[in-house]
Each structure stands twice: as C-alpha cells, then as structure tokens.
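Engineer:
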Amino acid sequence: MSILGMGKRGQIFTFDLMVAIFVFLLIFTSMILFIYSVVDSSNPYSAYSIITLSNYVNNLATQGINTIVGSQGYPQNWTSVACASISRLGIMYNYYEASPQKLYNLTTLPLGCMSQLLRSGSSFNITASYLNYSTIKITEGLSTRAISVGFQPPKNPSYLVSLQRYVILYPGNSIIRITYKVWLT
32 MSILGMGKRG QIFTFDLMVA IFVFLLIFTS MILFIYSVVD SSNPYSAYSI
82 ITLSNYVNNL ATQGINTIVG SQGYPQNWTS VACASISRLG IMYNYYEASP
132 QKLYNLTTLP LGCMSQLLRS GSSFNITASY LNYSTIKITE GLSTRAISVG
182 FQPPKNPSYL VSLQRYVILY PGNSIIRITY KVWLT
C-alpha cells in the first residue's frame, strides 16, 4: 500500500500510456491525411479540387450551349453588327428552329470575339451536324462553309465536356445536332 492509500489500481502503467499515445497518433494522422487528400483545394488530386474543376467546366459548357441554342442573340441582327455591339450569341430563328444565316455567320465571326462572348477562352468547339453525323454545309453567295468553329480539343485534356442540343434547321424539317465542347488542359 502506498502513502496516500492508493493501491496499484490507481497508477498508470507505461504500457497503457504507450497504447494511448499510439491511438492518439493514429487518429491524428488519419485526420491529416483526410484533410490533405479530400478537402485540400491546392492539391490537384484531392476530391474537392476535382469536383470544383469538374463543376466549373460543366457550368461553362452548359452556359455556352444554352446561350447559343436558347436564344436569337442580342441584338437579334448580331450577324450584321460589329463584335463590340454583340451582347449574346444565338443561332435561333424562332423558338424551335435554327437560322442557317446565323449558323453561317458563326463561322465568319472572329475567334477572339466568340471566346469573349462565350467566356471559354481558347478551349471551345462548336459543330453542327445532321443526325447521321455529316457536317452541315451552308452556302452564302459563292462560298460554302462547314459549320464547325472554335479550336481543336487537345488529345488528352484534363477535363472535357461535350454537350449536344437538337433543333430544326429553318425552313424545313431537318433535325440537326449542335455539339458544344469545352475543356481544360
């Protein structure tokens, strides 16, 4: 018996202390690894960073395709005004039909202007094709142009989003596919 009346039950043993320190270090290390691998936004391989970049590219692509296919553009006669006067690109003749003139004018618009209006930089591509995947070619005057504008996607981008919308080519009943691609390298 000790001086204060405590037996061996009240004492801490070295083995118990070592187990407690081991458990503490195990939990602490697990928390640090979790924070680094999942939550750390500066780590490009963390889940948080991947989700953030993926959402960014998806939102950029969705906004771009919805702008192009969802409106007539502003002003509606954007095909005949200077780039600085265009507020929004749009290829629609009416709610369901795409204008061949506006599709053609997409190919004549400077890429810098399109990059600025679509907020995509040099990482976008727009193509118009029929349902059998043949590219739409529109003739204006003496020139015929395939409707494909933008930049070529790199071979191995970090993120690539490709969205498609289907509309009718005015006038008529030809259903066409508008494909909009955005990527990060």
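Read the sequence shown against the numbering used here and you will find it ends at 216, with the numbers running on by one and no gaps.
Here a beta-carbon is modelled for each residue, glycine too, at the ideal position from N, C-alpha and C.
1) So, with DSSP's three-state summary, where would you put residue 212?
2) Could you tell me the distance, in whole angstroms, from the CA atom of residue 93 to the CA atom of residue 175?
3) With residue 161 as the anchor, note down where its beta strand (DSSP E) starts and where it stops.
4) How would you write the range of the alpha helix (DSSP H) that residue 61 sits in, first residue to last?
5) So, under 8 Å CB-CB, residue 110 and residue 132 are touching, yes? Tell me the CB distance rounded to an integer number of Å.
6) Less than 8 Å between the beta carbons of residue 173 and residue 190, yes or no?
7) Which value, in whole angstroms, describes the spacing of the CA atoms of residue 177 and residue 82?
8) Can you find the residues in the same chain that come closer than 6 Å, C-beta to C-beta, to residue 195, ignoring five residues on each side of it along the sequence?
9) Work out the CA separation of residue 138 and residue 181 for me, nearest whole Å.
10) In this structure, how does DSSP classify residue 197 when only helix, strand and coil are distinguished?
11) For residue 113, tell me which candidate among 59, 141, 51, 166 has the shortest Cα-Cα distance.
12) In the DSSP output, which residue or residues are listed as bridge partners for residue 207?
13) Is residue 151 near residue 84, with beta carbons less than 8 Å apart?
14) Identify whether residue 81 lies in helix, strand or coil by the three-state DSSP scheme.
Structural biologist: In short:
1) strand
2) Between residue 93 and residue 175, the C-alpha separation is close to 29 Å.
3) 155-161
4) 45-65
5) 6 Å
6) Cβ atoms of residue 173 and residue 190: not closer than 8 Å.
7) 35 Å
8) 208, 210
9) 9 Å
10) strand
11) Each of 59, 141, 51, 166 was checked against the Cα of residue 113, and the nearest Cα belongs to 141.
12) 161, 198
13) Cβ atoms of residue 151 and residue 84: not closer than 8 Å.
14) helix
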